[in-house]
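Q: Following this message is one structure expressed as structure tokens.
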Amino acid sequence: MTGTAAMTAPATPDRDTRAGLRRDARRERAFFLSLSLPALLLVGLCAMLPIFWILRQSVMTLRGEFTLANWEKLLSSALTWKSVWTTVELSGATLVLCMALGIPLALALASAPPKIANRLLILVMLPLWTSILVRTYGWLVLLRRDGLVNQALTGTGIASEPLALVYNFTGTLIGMVHFMLPLFVLPVYAAMRDIDGNAIRAAASMGASLPRTLATVVLPLSAGGIRSGAMIVFIYTLGFFITPAVLGGGQVSPVAIRIEKVMSTFQDWGQASALGVLLLILVAMAAAMLAAARRLIGRKGKTHA
Amino acid sequence: MLDAFDARGFRAGLWIYAGAVLAFLILPTLIVIPISFSASDLLEFPPREFSLRWYQTFFGSATWMAALRTSLILGVLTAALAVPSALLACVAMDRIGGRSAKALGGYVLAPSVIPGILLAIGLFFVLAKLRLIGTLGGILVGHVVLAIPVAVIVLRPAVARFDWGQVTAARSLGAGWARALVQILLPQMSFTLMTAALMAFLTSLDEAVISIFVSSGQNSTLPKLMFLSLRDQIDPTIAAISTLWSVLVIGIVLIVNARRTA
Amino acid sequence: MAPLPITLDALRKTYGDYVALDDVSLAIRPGEFLTLLGPSGSGKTTLLMALAGFVRPEAGRILIGDRDVTRLAPNRRDIGIVFQNYALFPHMDVLANVEYPLRLRRVSRREARERAMSALERVKLGAFAGRDISQLSGGQRQRVALARAIVFEPRIMLMDEPLSALDKNLREHMQLEIRRLHDDLGITTIYVTHDQREALTMSDRIAVMKDGRIRQIDAPQDIYCRPGSGFVAEFMGEANILAGGDCRAADGGTLSSAATLMVRAENLHLDPADCGPDGIRLDGRLAGKAYRGENWLLQVELPSGRELMMSIPSARSEGCEELSPGDPVAAFAARRHAHPIPAPEPEAA
């Protein structure tokens, strides 16, 4: 057998080459890592550093000494707790309304032929593409005392006199739901589109009614999309600024508005920072809650299976 | 999807409900259009007389024009900075892979989950320390950091889908990494890059919170000015701006869509 | 320019626990057409990519001529590669694709054009220079990829299953064409395939790989007729591995050696006249049969329970049609077609 045995002839491993090869591999990796440097630096300097700054400033006096005064002042103020409550209330109500409006819309879109669904999706996306200020302005026009909505309500006799729909909690909530709804519908719709049609046909063939199929097959299978939608709603609404500032008309002050007020009226950077940290904690808590909900649902699903 | 059920009543109800929700979604955008052509100082609907006076007010105002100019410059610069950084980061993630890529991805996407108000005041503090409040550069970095995640979301799937065998082939033919990326990857990504640039541009154009806190005086952006005037008085000038804005953005989206299907 | 030899010295590459190259050593002669053949996962593509510089080995050395290229970047190795899916650049036309390596080498625009055109002529695509890649058929793309790989006159050619995407007729035609191109240019060529017939058709030598090792390296006839192991025997074609006890001498006597023998299906005959006086004889019963056009395939069960595959050319198949399962069958093979091999390795140590 010429050649068969010759192949296994032991070769002396070249130490230098081995080390060199390892060095080359590291160098190539470093080259690729270095490509991400601009993004790393920009995000680091313009997002991470500012957040770090807020954290630091919340426990600093103006002269740079450590203090807990900001926090003491903040946590003992009724205004703080009122604004935290308003924030939670706004976010929670937005989520509930987004679910009530968004899940049926997603269901309708998912059950439509793809061509029609894609056309309608453009309508869903349209608000996403218009400036938040344009939309807020639109709501101002619609919801004013003599706005279109009140005209319609009094005209049809539903309300005897114009309702206060704007410059208050209601107006803020409407604006926020309007802003969040597309962002909520998209993941829910995507999850529903992905449901295997045979799973639904199977449920029907086993005798499940439509409501029962929706409750036991469609909703559980789109839970992932609903959860991502809820996450997005929380992340955005907890820190919302523009909508409450314009549509709230000074009557509604969630944490974000409070921060601005503390900054502009009192020039109290330390307390504004502490409020910022509070907001960050709220967002983290919402994220943790949703993660816990996922585990809970996941476990429940398993025991059923 | 629900064709397995003979539930015409349910489906009709569902569609009526969905139609109402869709109307809720598009109404505020549409309502501003007729008002922008109103001849009256009041926000009457439907307008009794039509005119272009609010467009004239907008284009005739030095303040509005300065803000428009600032916003457009910022948008272009934001796209110019965010898209290359995002593309390079996407290439890095795609080539490194594994846990490092995941960490890198989480890091560059982080600005999109931090509440805007926090970025705004944080940036304000940092810029105040550096005495850069009110400078174009200060707002610019804020916008870039918001646009990077947007560009990454657009570019990353395209980079992942790219046939990297071509880059391998180019290297076998004598091109180094950098040259292969520039001559082979880049030209084939042109459409995606354009999409990413437009998205970055729109992100900057639409950004209000950072601008409100960090910009000032002659460097005020259009959204900041709109915000301030919405707080003070709501005359139809804003309706004119809103209409122009929507036409511009929808035009861009339609062009992108048409090019994608072409 | 004289063709160069290639020397691989104890090349090693692992991915976690998986050993892709298990200290592979190999000497490739100048101007040789060597095929790496093996099942998927045998390491043949890893070996090729290590040669090209796209897979970084952990240990070992690669020499082209007497130059150590182990750590040389792929773009400096001057190796022409034809990839499995061609990897043509869709944003360039045919000519630009072929000119690309020349432009990288700073060849003047005019000379690049001339040389690219002559490479395209060589693969009979001169008339297609201005076409877009998307307008080409699979076979034409294959030729562009070939032209692009040879245009810069590399001293080594590597081909990674270049024909696997083509249909059978075109593939067989291209096999001969690639071989002719190799003979014209005289470039040392390493070709990867999992198709043994392709390997037999094209190669000067074949290296059969399995589990990251080269199991045998020999000329096509040797590797087919005189495999060094049961694995190589079976991988190269329909092979019957027989224990000494299965065979008798054709004249009825017992066989002197009791070694394990390998007999190819096509070397078994029904007619004792075909095997000469010193042939071997196997007796069994028909288990199944199939007509395949050019031949009959007979499955014969030996008393030991082993199954025998016989391929009887249709021209000499008198009696095959009448055979039915259970009938006794006597198979004859010439002595020179019964090749002793080492006893089969136990499965998966």
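Chains as they are written, first to last, in our numbering: chain W, 7 to 311; chain V, 15 to 276; chain Z, 197 to 545.
From the three backbone atoms N, C-alpha and C, an ideal C-beta is built for every residue, glycine too.
Owing to the predicted nature of the structure, the values given are computational and were not obtained by experimental measurement.
#1: Quick check: is the beta carbon of V:L151 nearer than 8 Å to any beta carbon in chain Z?
#2: Checking contacts by CB at 8 Å: is W:L39 closer than that to chain Z?
#3: Under 8 Å Cβ-Cβ, which residues of chain Z neighbour V:I131?
#4: Along the alpha helix (DSSP H) that carries V:V122, what are the first and last residues, could you check?
#5: Just to confirm, are W:A210 and W:L296 a CB contact at a threshold of 8 Å?
#6: Considering only the beta carbon of each residue, do W:A150 and W:R233 sit closer than 8 Å?
#7: Find the nearest neighbour of Z:M353 within the set Z:A341, Z:L362 and Z:D363, judged by alpha-carbon distance.
#8: Within 8 Å of any Cβ in chain V, is that where the Cβ of Z:R301 sits?
#9: Just checking: is the beta-carbon of W:G254 within a distance shorter than 8 Å of some beta-carbon in chain V?
#10: For the segment 181–195 of chain W, which residues have a beta carbon sitting closer than 8 Å to at least one beta carbon of chain V?
#11: Here's a check: name, in chain order, each residue in its chain whose Cβ is nearer than 7 Å to the Cβ of W:S89, leaving out the five neighbours to either side.
#12: So which of V:L133, V:A37 and V:R22 has the shortest CA-CA distance to W:L187?
#13: Mind checking the segment 111–130 of chain V against chain Z and listing, in chain order, the residues whose C-beta falls within less than 8 Å of any C-beta there?
#14: What are the start and end residues of the alpha helix (DSSP H) that includes Z:H535?
#15: Go ahead and label V:A81 buried or exposed: buried means 16 or more other beta carbons lie within 10 angstroms of its beta carbon, across all protein chains shown.
#16: Mind listing which residues of the segment 161–190 of chain V have their C-beta closer than 8 Å to chain Z's C-betas, in chain order?
#17: Less than 7 Å between C-beta atoms, sequence neighbours within five positions excluded: which residues of the same chain meet that for V:I252?
#18: For the candidate residues V:N233, V:V140, V:I266 and V:A194, whose alpha-carbon lies nearest to that of W:L55?
#19: With which residues is Z:V459 paired in a DSSP beta bridge?
#20: May I ask you to report which of helix, strand or coil DSSP gives Z:D379?
#21: Starting from the Cα of W:L288, find the closest Cα among W:N156, W:V94, W:A84 and W:L103 and give me that residue.
#22: Mind checking if V:L57 is an interface residue toward chain W, Cβ cutoff 8 Å exclusive?
#23: Using a cut-off of 7 Å between C-beta atoms, extract the partners of V:I198 located in chain Z.
#24: By the 10 Å Cβ neighbour count, where 16 or more other Cβ atoms means buried, how is V:S260 classified, buried or exposed?
#25: Can you pull the chain W residues whose beta carbon is under 9 Å from the beta carbon of Z:E434, in chain order?
#26: With 16 as the cutoff for other CB atoms within 10 Å, does W:A197 come out buried or exposed?
#27: What three-state label does DSSP hand W:S279 in the structure shown?
#28: On the criterion of 16 or more Cβ atoms from any shown chain inside 10 Å, does Z:T242 qualify as buried, or is it exposed?
#29: Thinking Z:V251 and Z:I258 are a contact (beta carbons under 8 Å), I'd like their distance in whole angstroms, please.
#30: Could you give the distance in angstroms between the alpha-carbon of V:G33 and the alpha-carbon of W:L101?
#31: State the DSSP-derived secondary structure class of W:E34, mapped to helix, strand or coil.
#32: Looking at the C-beta of V:P13, does it have a partner C-beta in chain W at a distance below 8 Å?
#33: Does any C-beta atom of chain Z lie closer than 8 Å to the C-beta of W:D202?
#34: Tell me, please, whether the CB atom of V:P201 is closer than 8 Å to any CB atom in chain Z?
#35: Report the option in Z:S221, Z:I386, Z:K209 and Z:Y282 whose CA atom is closest to the CA atom of Z:A255.
#36: Just to confirm before moving on: does the CB-CB distance between Z:L498 and Z:S507 stay below 8 Å?
A: Based on what the coordinates show:
#1: The sequence shown places Gly at residue 151 of chain V, not Leu. With respect to chain Z, the C-beta atom of V:G151 has no partner C-beta closer than 8 Å.
#2: No, W:L39 does not count as interfacial toward chain Z.
#3: Residues of chain Z passing the Cβ test: none, with the nearest at roughly 44 Å.
#4: For V:V122, the enclosing alpha helix (DSSP H) covers residues G112 to L123.
#5: Note that the C-beta distance between W:A210 and W:L296 is not below 8 Å.
#6: Before going on, a small fix: residue 150 of chain W reads as Arg here, not Ala. For W:R150 and W:R233, no; Cβs fall outside 8 Å.
#7: Considering only Z:A341, Z:L362 and Z:D363, the residue with the shortest C-alpha distance to Z:M353 is Z:A341.
#8: Yes, contact with chain V.
#9: Not closer than 8 Å to any Cβ of chain V, the Cβ of W:G254 fails to qualify, so no.
#10: Those residues of the segment 181–195 of chain W placed with their C-beta closer than 8 Å to a C-beta in chain V are H184, L187 and P188, ordered along the chain.
#11: Sequence-distant partners of W:S89 (beyond 5 residues in either direction) whose C-beta falls short of 7 Å from its own C-beta, in its chain, are S259, P260, V261 and R264.
#12: For W:L187, the nearest C-alpha among the options comes from V:A37.
#13: Residues of the segment 111–130 of chain V whose Cβ lies closer than 8 Å to any Cβ of chain Z: none.
#14: Segment H535 to I537 is the beta strand (DSSP E) holding Z:H535; no alpha helix (DSSP H) there.
#15: In the assembly as shown, V:A81 is a buried residue. Its beta-carbon has 16 or more other beta-carbons within 10 Å.
#16: Residues of the segment 161–190 of chain V whose Cβ lies closer than 8 Å to any Cβ of chain Z, in chain order: D177, G179, Q180, T182, A183, A184, R185, S186, L187, G188, A189 and G190.
#17: Cβ neighbours of V:I252 beyond the five flanking positions: M240, S243 and L244.
#18: Check the Cα spacing between W:L55 and each of V:N233, V:V140, V:I266 and V:A194: the tightest is with V:V140.
#19: Per DSSP, Z:N436.
#20: Helix, per DSSP.
#21: Nearest option by C-alpha distance: W:V94.
#22: True, the Cβ-Cβ gap to chain W drops below 8 Å.
#23: The contacting residues are F285.
#24: Buried, because 16 or more other Cβ atoms sit within 10 Å of the Cβ of V:S260.
#25: Near Z:E434 there are no residues of chain W at all, since even the closest Cβ is about 22 Å away, more than 9 Å.
#26: By the Cβ-count criterion, W:A197 is buried, with 16 or more other Cβ atoms from all chains shown falling within 10 Å of its own Cβ.
#27: In the structure shown, the three-state DSSP call for W:S279 is helix.
#28: Here Z:T242 is buried, its C-beta having at least 16 other C-beta atoms within 10 Å.
#29: Contact flag wrong, Cβ pair sits at about 11 Å.
#30: Spanning the two alpha carbons is a distance of roughly 20 Å.
#31: Note: W:E34 maps to helix in three-state DSSP.
#32: With chain V covering only 15 through 276, there is no way to say anything about residue 13 of chain V.
#33: Cβ-Cβ to chain Z under 8 Å: no for W:D202.
#34: Yes, its Cβ sits closer than 8 Å to a Cβ of chain Z.
#35: Cα-wise, what sits closest to Z:A255 is Z:K209.
#36: Taking 8 Å as the Cβ cut-off, Z:L498 and Z:S507 do not qualify as a contacting pair.
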